[in-house]
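Using the numbering used here, the first residue of the sequence shown is number 7, and each one after it goes up by one.
What follows is a single structure, written as structure tokens, with notes after it.
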Amino acid sequence: MFISFEGVDKSGKTTQTSLLAQYLEERGHLVLKTSEPGGTKLGKKVKEILLAP
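Next up, the structure:
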């Protein structure tokens, strides 16, 4: 299963992702949380550039 949360900055995506992950893990599911860009060193740098004023 692949679930994606999308939205503008500070809209609660991380909060909702964490709540859903906890819910699924408590029911025995294996959960892998990622973010894009940002999952690698290069991705983190790209994210910094995109978010720079």
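Don't be surprised by glycine CBs; every beta carbon is placed ideally from N, CA and C.
- Scanning its chain for C-beta atoms nearer than 7 Å, with the 5 sequence neighbours on each side dropped, one finds around G13 the residues K19, in chain order.
- With contacts defined by Cβ atoms closer than 9 Å, L26 and I9 form a contacting pair.
- Here DSSP, grouped into helix, strand and coil, assigns G18 to coil.
- In the structure shown, S41 adopts coil according to DSSP, grouped into three states.
- Straight-line measurement puts the Cα of E54 at about 11 Å from the Cα of K47.
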